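Colleague: Quick one: the structure is below, questions incoming.
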Amino acid sequence: MKLTEPVPGGPCWVELSTSDVTASKTFYAALFGWRSLTDPRPEAGGYTVARRGEDPVAALSPVYQPGGRPGWTVSFAVTDTDRAVEAVRAAGGTLVTEPVDVFDQGRFAVAADPSGAVFSLWQARDFAGAGRFNAPGALSWAELRTDRPESALAFYPEVFGWTVDATDRYTHWNVDGAEFGGLKEIHDDELSEGPTTPPGWLPYFSVTDVEAAAATALGAGGDQIVPPTPVPGGPWVAVLRDPQGAPFGIHTP
23 MKLTEPVPGG
33 PCWVELSTSD
43 VTASKTFYAA
53 LFGWRSLTDP
63 RPEAGGYTVA
73 RRGEDPVAAL
83 SPVYQPGGRP
93 GWTVSFAVTD
103 TDRAVEAVRA
113 AGGTLVTEPV
123 DVFDQGRFAV
133 AADPSGAVFS
143 LWQARDFAGA
153 GRFNAPGALS
163 WAELRTDRPE
173 SALAFYPEVF
183 GWTVDATDRY
193 THWNVDGAEF
203 GGLKEIHDDE
213 LSEGPTTPPG
223 WLPYFSVTDV
233 EAAAATALGA
243 GGDQIVPPTP
253 VPGGPWVAVL
263 RDPQGAPFGI
273 HTP
């Protein structure tokens, strides 16, 4: 990812919804060295911010929706959440959660693209998002996995103004010329076994050694969906699942 800080249209934050916040704290501390602190205010609903050093890098929270399954959500920065919601609807997306103020931190909404992939919109006030990218334990890539790539290629540029760089092997997303993520097509036979069911955004976190990190995850009770694999001409990558079932990726920058 060629972003070094949150910018409008780019990924700015990632949140884990989990069935066991305490266990998730332990797992990600072992894997990424995160230090997590839960907001004690009742109205915060158990929201927990994870840090590397002094920098916030991600959040953990209980699964709020009845019947919801553990998973990661990628948030994208916008200058006006309400206008962004209008753009989502105009482009054929749907709204999952209406815009709401989060204390003095910012204003957010949860939306879904035409294929059902869920993401968040974040209008910063006192909190801009992640304090670091592309460092060990920090967000370093955001990949949309979908069975409807054509609709995604129309939807996201309309909503966020992204540009697309497509090759025979992979499609990259760019904001203001900075590459930050990609698109991978999944097929019907992959949806039940793949790392996202249904289509969704998969965050990747940077590690110094993919094989060692994958071994740490397995030793801490996680599972691997895609074992450590070298990308031709690129980094090593792996897709893992935490003990509560949330998938995520790791790679060397």
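Counting in the numbering used here, the sequence shown runs from 23 upward without gaps.
Ideal Cβ positions, reconstructed from N, Cα and C, are used throughout, including at glycine.
Values in this document were obtained by computation on a predicted structure and should not be read as measured data.
Report yes or no: do three or more beta-carbon pairs, one from the region 34 to 46 and one from the region 257 to 274, lie closer than 8 Å?
Modeller: Contact holds: three or more Cβ-Cβ distances are below 8 Å.
Colleague: Under 8 Å Cβ to Cβ from Phe98, same chain only, skipping five residues before and after it: list those, please.
Modeller: If we look at Phe98 and ignore the five residues flanking it on each side, its Cβ neighbours are Gly31, Gly32, Pro33, Cys34, Phe141, Ser142, Leu143, Trp144, Phe182.
Colleague: Would you identify the three-state DSSP class for Gly203, choosing helix, strand or coil?
Modeller: Three-state DSSP puts Gly203 in a strand.
Colleague: Quickly, what does DSSP pair Leu161 with across the bridge? List them, please.
Modeller: DSSP lists Phe227 as partners of Leu161.
Colleague: Going by C-alpha distance, which of Gly153, Arg167, Asp198, Met23 is nearest Ser137?
Modeller: Closest option to Ser137, Cα to Cα, is Arg167.
Colleague: Rounded C-beta distance between Val43 and Pro84? I'm assuming under 8 Å.
Modeller: Sure, about 6 Å apart at Cβ, within 8 Å.
Colleague: Using 10 angstroms around the beta-carbon of Gln87, count the other beta-carbons present and answer buried if the total reaches 16, otherwise exposed.
Modeller: Per the 10 Å Cβ criterion, exposed.
Colleague: Output the distance between the C-alpha atoms of Gly199 and Thr185, rounded to the nearest integer angstrom.
Modeller: Rounded to the nearest angstrom, the two C-alpha atoms are 8 Å apart.
Colleague: For Ala131 and Glu108, I'd like the C-alpha separation in whole angstroms.
Modeller: Distance between the alpha carbons of Ala131 and Glu108: 11 Å.
Colleague: Quickly, what does DSSP pair Leu117 with across the bridge? List them, please.
Modeller: Bridge partners of Leu117: Ala133.
Colleague: What do you get for Ala66, buried or exposed, if any count of 16 or more other CB atoms within 10 angstroms of its CB means buried?
Modeller: So Ala66 ends up on the exposed side.
Colleague: Under 8 Å, do Ala133 and Gly114 count as touching if we go by C-beta distance?
Modeller: No. Outside cutoff.
Colleague: Could you tell me the alpha carbon to alpha carbon distance between Thr230 and Trp56, rounded to whole angstroms?
Modeller: Spanning the two alpha carbons is a distance of roughly 15 Å.
Colleague: Going straight from the alpha carbon of Val71 to that of Asp77, what length do you get?
Modeller: One C-alpha to the other measures close to 10 Å.
Colleague: Just to confirm before moving on: does the CB-CB distance between Gly58 and Ala160 stay below 8 Å?
Modeller: Reading off the sequence, residue 58 comes out as Ser, not Gly. No; because the gap between Cβ atoms is not below 8 Å, this pair is not in contact.
Colleague: Residues in the same chain with beta-carbon distance under 6 Å from Pro257, minus the five sequence neighbours each way, listed in chain order, please.
Modeller: Excluding residues within five positions, the ones whose Cβ falls inside 6 Å are His273, Thr274.
Colleague: Spatial neighbours of Ala106 within its chain, please: CB distance less than 6 Å, with the 5 preceding and 5 following residues excluded, ordered by chain position.
Modeller: Contacts found: Val100, Leu143.
Colleague: Check the DSSP bridge columns for Gly93 and list the partner residues they point to.
Modeller: DSSP, once it has assigned bridges, lists Ser39 as partnering Gly93.
Colleague: Take Pro158 as the anchor and find which of Arg74, Leu117, Ala176, Pro28 has the nearest alpha-carbon.
Modeller: Ranking the options by Cα distance to Pro158, first place goes to Arg74.
Colleague: Can you name, in chain order, every residue of its own chain whose Cβ lies under 7 Å from the Cβ of Phe49, other than the five neighbours on each side?
Modeller: Closer than 7 Å at the Cβ level, and outside the excluded window around Phe49, lie Ala242, Gly243, Gly244, Asp264, Pro265.
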